[in-house]
Structures are given as C-alpha cells and as structure tokens.
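Since the structure comes first, as structure tokens, the remarks are kept for the end.
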Amino acid sequence: MKFNIYKSVAMCSLLALAGCHDFEELNTDPYAPIYDPTVENVSPDGIDIDYELSESALKSIKGMEGAIGVTLANFLYEGAYNDYQTTTNLTHDIYAGYWGNNVSGFVTSSPTYSYADGWSGGRWKHFYDDRTIGEYAQIIKTCHFCDPEYYHTLYYVTRIYYAYLLSMQTDTYGDIPIKYYVKGAMPPEENVEYTSQESVYKDFIFPILDQAITALHEENIPGSQYTIKSEDDKCFGGDIDKWRRFANTLRLRLALRVSNADPELAKEQAKLALGDIAGLMKSNDDNLKQTPKRQYLAGGNENIYALLFGWGANVVLTKEMEWAYKNQSFEGGVVPADQSEWEVKDPAKDATTKFNNDETQCVLDPRCEILWFRPTEFDKLNIATPEESNKDFAGVRNGEPNLGKSYTTSYSPNRCSTTSDVMNPQIWWNYAREIVWMGYAESLFLKAEAYLRWPELNREGTVSVKGLYEAGVRASMDYYGIDASKANNYINGLVALHDWKADREWQLEQIITQKWIAVFPNGNEGWAELRRTDYPRYALLPKGGNNSGNQVDNNKLIKRISYPDSEARNTLKPNYTQGDRVWWDVDDTMDNNGKWQTPHNFR
Numbered sequence: 001m002k003f004n005i006y007k008s009v010a011m012c013s014l015l016a017l018a019g020c021h022d023f024e025e026l027n028t029d030p031y032a033p034i035y036d037p038t039v040e041n042v043s044p045d046g047i048d049i050d051y052e053l054s055e056s057a058l059k060s061i062k063g064m065e066g067a068i069g070v071t072l073a074n075f076l077y078e079g080a081y082n083d084y085q086t087t088t089n090l091t092h093d094i095y096a097g098y099w100g101n102n103v104s105g106f107v108t109s110s111p112t113y114s115y116a117d118g119w120s121g122g123r124w125k126h127f128y129d130d131r132t133i134g135e136y137a138q139i140i141k142t143c144h145f146c147d148p149e150y151y152h153t154l155y156y157v158t159r160i161y162y163a164y165l166l167s168m169q170t171d172t173y174g175d176i177p178i179k180y181y182v183k184g185a186m187p188p189e190e191n192v193e194y195t196s197q198e199s200v201y202k203d204f205i206f207p208i209l210d211q212a213i214t215a216l217h218e219e220n221i222p223g224s225q226y227t228i229k230s231e232d233d234k235c236f237g238g239d240i241d242k243w244r245r246f247a248n249t250l251r252l253r254l255a256l257r258v259s260n261a262d263p264e265l266a267k268e269q270a271k272l273a274l275g276d277i278a279g280l281m282k283s284n285d286d287n288l289k290q291t292p293k294r295q296y297l298a299g300g301n302e303n304i305y306a307l308l309f310g311w312g313a314n315v316v317l318t319k320e321m322e323w324a325y326k327n328q329s330f331e332g333g334v335v336p337a338d339q340s341e342w343e344v345k346d347p348a349k350d351a352t353t354k355f356n357n358d359e360t361q362c363v364l365d366p367r368c369e370i371l372w373f374r375p376t377e378f379d380k381l382n383i384a385t386p387e388e389s390n391k392d393f394a395g396v397r398n399g400e401p402n403l404g405k406s407y408t409t410s411y412s413p414n415r416c417s418t419t420s421d422v423m424n425p426q427i428w429w430n431y432a433r434e435i436v437w438m439g440y441a442e443s444l445f446l447k448a449e450a451y452l453r454w455p456e457l458n459r460e461g462t463v464s465v466k467g468l469y470e471a472g473v474r475a476s477m478d479y480y481g482i483d484a485s486k487a488n489n490y491i492n493g494l495v496a497l498h499d500w501k502a503d504r505e506w507q508l509e510q511i512i513t514q515k516w517i518a519v520f521p522n523g524n525e526g527w528a529e530l531r532r533t534d535y536p537r538y539a540l541l542p543k544g545g546n547n548s549g550n551q552v553d554n555n556k557l558i559k560r561i562s563y564p565d566s567e568a569r570n571t572l573k574p575n576y577t578q579g580d581r582v583w584w585d586v587d588d589t590m591d592n593n594g595k596w597q598t599p600h601n602f603r
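Numbering of the sequence shown is given in this note's numbering, commencing with residue 1 and proceeding in unit increments.
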C-alpha cells in the first residue's frame, strides 16, 4: 500500500478560512502545512493508541488543535459520500437493485461487473488516505495527546463513525488492512498485512463500538468537555444522545450482519445493543443523514441523485424496485388468482416465477409515486412544472443496452426538480435533498429480525415481530411524508399482515423485503443485505450475462469489489475475485442455473 504525506484540512482552516466549511477549498489550499503522521513504538495489536509521537508530529498535532472541529466536519461529511457516483452509485447502488444505469457508455463497465479501477479505486483511496490517515488519525491523536479527558466525547464519537465507515469498507472488499490504521498510525511497511473480515468484525468493529458506547454513558464522561459545535457535527448537530442511539442501532445492524456466519457472536452483540440504556433510534429525527452543502453554503455541492437527473436522467427505476412497489400490497391483502398476464422474471433462467407489473392489479406503494416519474420525455420533466405521462411506472433491467435520455419514455427517471430547492414531498429529489445512511424505519426492522431470531431478547412485552414489521413500514411512510390515507391503504393491503405465517424464514423475507424498500437509496446497505439474506426474491442477474471476465459466473450475482490496482504490488493481498463470497455471506442467491433459491437464514 502506497503511503502519502497529508496536508491538514484543519490547519488550512485555522490559518485562512476560520469558520468556513467549503471543504473542496480546504483540501486544495496551497498554504496548508504538512501533517506529520510519524509515530514511535507502535504495535499492530489492539485498538487503542499505545504509542508515542515524534517531536515534530507532536508539534504538528498541537498546532492543529484549534481547528479540530473542521476536520471532524469533513470526516463526517465526506465519509460515505466522497465521489459517490463513481465509488458507489455505479456499483453498490446498482448491485443492490436500487438504481438502474441509463448511460449506454457504462453498460459494459461496473454495472455489469467489469471492474473499473478509475472508479472503485477511488473508494479505497478515500477510506485510507483521506478518511483514515488524513482525518480520523488526526482527530484521535489530537484528542489523546492534547487532552484526553477534555476531548473524551469527541474521541469516542469519532470512533463510532469510524466503525461505521470500517463496516462499509470490509463489507465491500472482505479482508482489508486495518492493523495500525485503527490506532491512527500507518503500518511501518508498504507490504501491508490484510486482516480477515471475521477478525475485522470480532477484533475491531465490535470492540470499538463496545468501548465507545460504554465511554459515552453519562456517568463515564468527565465533567469538563469539548463542545462539538452543531455546524461541525454533520450527522447529529452535536446531539450526543443521538450518537449513543446511532451506535446501538449500528451495533444491532452489524450483529445481524454476522448472524449466519457466527450466530453466537450475533446474539451476544444484539443483546448488548438492545439492552443498552441509551436504546436504539427512536424517531425519524434520529436518522443518520448526509445533507448537501447546498443547504448551508452558497455554491456548495449537491445531492448526487439530483445531479444524475440533471445530466440527462443518468439513473432510472430498476425492474427489481418496480416489482417491489407492485407486489407487496393488494386489495384486501389477497394476491390475485389470475396471474396469466404477470411478468416472467427471467425467461431464460426462471420462466416459472412471475411478478405483477400492472398498477391496476395492486395497491401501488405510494413511495413510488413521490420518488419516480412515470415514463415521459425527459424535456417535459426537466422543467419547473413537469408534464408527466399516465403510463405505468416501469423499471430497467441491469445490462439493458437500450439506454440514454431518450429512453425516459420507457423507464421511470427519479422524480426530481432541478429548478427549486424547496423540499416538495410530491417531487422528492432536488439538489438540496438529504440522503439517509441509517434511519428509524431500519431500526424497527432490525429489532423485528432480532426478536424473530432470539425471542428471549424481547423484553418489551406486547411488542411483536409482526407489530415491528408494520411499524417499520409506517415509519418509512412517515419519513417521506406520505398522506395518511394512502399509507393506510397500502399497509392495510400488505399480504403479510393478512396471513402472518408461523414459518420464520417466511417472516424474515417479509421483514427484509420491506427493509430493503425502506433503506433505499443507500446501496451500501441494500447490497450487503441482499448478499447476507438473499432477499428480496426480485433480485436479477445482468441481462445477457456479465462482463466480469469470468470472475463471476453468469448464473450468479456479484459478491464483492476487486482490490484496487494500487494493491497489486502487495504480496500479502488475498487472491479473491468478485464472485467470491465475503465471510458473513454463507450462500449464493442464485442456484447453478441462475434461478433464485429459497435461502436458509436460520442455522
């Protein structure tokens, strides 16, 4: 792994741009001093700072102490968002079944499993060079070496967010380098050791969360504390109670992530998350979200999905999402007996499975109506008052070659206004719209699955798995501001609520399918859950096969991202392909003939 010397965004702010959070300018300021990352006597073991700083490094850290807030702001803001189109939208978002590529020049690239180093390589660089060494290390070393008691809260908030970023990194690649980095140090050699994903979870992520959650109990916080300013905390505006609840909810998310690979570890972590005094997220006000700078900084950057719309409807509704919106709820909660006109899932591989694609046959999910336009000429949509058609919502299959702006008459583009930043609940997307990375609805579905797996953890008495499932759907509707009558009509028609079967695998499918709908548009999480549980059953292979160069069988789904080309010289790099499952992914979604197979999620 190649090492770099980093300019300090914090010192840049301190010297020239105090109070300004225009991070692009901060990152390119030519007068920024060099951030010295040198440490002495560091070991690869454990998660805590156990080393000393060189004289120059200590001087560097103390010199940047006054601007620690802006470093935190950049760390939190860019964490999951940096170069989002190339690092995430053209991979994770598509692999999750959330967004359909509508650029003909991309169809044979990463959307259909061809590794694009110019895109995905940036994700690796951002995690290690920018977030880990350039920001995380700087913050935790400042806290530790300047005044650990005074910076106690900031230190552990930073660690919680790093655990979140670390989970996305390992879920993307599997085994990753993490020793030294987690302590805010760099490995002593370029030939960096990779840590198994199992160890990343057991020895790093869960211990970090356990330590931070305990440290942030009110009785464990020293009296005089550095105040995290609301403008520096891009997640929760300085509300430490929300950080506590987020940490517990993240712990439960990741406990369930490993539930098929290590059920005992999963149960232990779930019990701790559910039993902590701070609790889980308790409302949509607790949502972890990324708010575009456009909301608070003139000329600041924008919501990526609005940008993609403005560039000519570069992303559209997927066939998987279309089926999800049209196959969960029916009048009276009864699936129509006549399915002769339903759409065959995959004529070449699964001709027996059909899904409804006719809006008149179902109770259409009202979230579809505010997130997507009906197929219409793009020029009629990209105006102040859109002139939308009355066609049925329609999704594209991954790998479809007929793409581009002219095909918005065939596929539904995201419902977006590029002419106003007003938060219009009828046209969801605009340049200033937030993106949720973890929300209250998800926390309810997480709790539902936890109680399904381990009923003995349910100490809430009358709260049932079925009730939490319904509450999760309703919380998602509430987040989008769905009219109560529409929300109730959809919920009253949910097939699952009319016949809640005793079979646990069936119940899990209902929970995960609705969670998958609610977690949209977060492809990091949507793709991880598809791989973990093999739900929803709407998942599709790329049309006409994939372009992975035989790394992924044409009858299988992609399972991880390749390591970047920059790691080629590292002789310790594992030899995985994009078709190899990560540790917690215990089974393939498709059988050897490319047909979705019923999962076995209880082991």
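Every residue, glycine too, gets a C-beta built ideally from N, C-alpha and C.
The structure presented is a predicted model; accordingly, all values stated were derived computationally and were not measured.
If you look at residue 344, you'll find it in the beta strand (DSSP E) that goes 343-346. Note that the C-beta distance between residue 588 and residue 541 is not below 9 Å.
At the C-beta level, residue 432 and residue 423 come within 9 Å of one another. In this structure residue 179 touches residue 195 by the C-beta definition: roughly 6 Å separates them, less than 8 Å. By the neighbour-count criterion, in which a residue is buried when 16 or more other Cβ atoms sit within 10 angstroms of its Cβ, residue 254 is buried.
Shown here, residue 289 sits in a strand according to DSSP, grouped into three states.
For residue 274, the closest of 446, 101, 40 and 603 by C-alpha to C-alpha distance is 446. For residue 290, the CB contacts under 6 Å within the same chain, skipping 5 residues up- and downstream, are 81 and 435 in chain order.
Residue state for residue 125 is assigned as helix, using DSSP reduced to three classes. For the set 399, 417 and 400, the Cα lying nearest the Cα of residue 388 is the one of 417. Leaving aside the five residues that flank residue 127 on each side, the residues in its chain whose CB is nearer than 7 Å to its CB run, in chain order, 165 and 169.
Annotated three-state conformation of residue 467 is helix, per DSSP.
Ranked by Cα distance from residue 441, the first of 477, 466, 406 and 456 is 477. Beta-bridge partners of residue 40 (DSSP): 52. DSSP, reduced to helix, strand and coil, places residue 416 within a strand of the structure shown. As the crow flies, the alpha-carbon of residue 474 is around 17 Å from that of residue 449. DSSP, reduced to helix, strand and coil, places residue 579 outside both helices and strands of the structure shown, so it counts as coil.
Taking 9 Å as the cut-off, the beta carbon of residue 316 is found no closer than this to the beta carbon of residue 420. Around the C-beta of residue 344, fewer than 16 other C-beta atoms lie within 10 Å, and the residue is accordingly described as exposed. Per DSSP, the beta-bridge partners of residue 329 are 494. Under the 8 Å Cβ criterion, the stretch 233-251 counts as touching the stretch 269-288, having at least three qualifying pairs. About 12 Å separates the beta carbon of residue 357 from that of residue 391, a gap too long to meet the 8 Å contact definition. If you draw a straight line from the Cα of residue 156 to the Cα of residue 530, it is about 31 Å long. Selection 404, 414 and 143 evaluated against residue 306 yields 414 as nearest (Cα-Cα). Secondary-structure assignment with DSSP links residue 258 through no beta bridge to anything. Judged by beta-carbon spacing, residue 211 lies beyond the 9 Å limit of residue 517, meaning their Cβ atoms are not closer than that value. The residues 156, in chain order, have a CB closer than 6 Å to that of residue 215 in the same chain once the five nearest residues on each side in sequence are set aside. Per the coordinates, the alpha-carbon of residue 602 lies some 8 Å from the alpha-carbon of residue 453. Annotated as proximal: residue 47 and residue 203, with beta-carbon spacing under 9 Å. Residue 228 sits in coil when the DSSP states are folded into three classes, being neither helix nor strand.
In this structure, the straight-line span from the alpha carbon of residue 135 to that of residue 234 is close to 14 Å.
Rounded to whole angstroms, the separation of the alpha carbons of residue 140 and residue 159 is 8 Å. When secondary structure is reduced to three states using DSSP, residue 370 falls in the helix class.
In the structure shown, the three-state DSSP call for residue 242 is helix. Taking C-alpha positions only, residue 386 is separated from residue 523 by approximately 28 Å.
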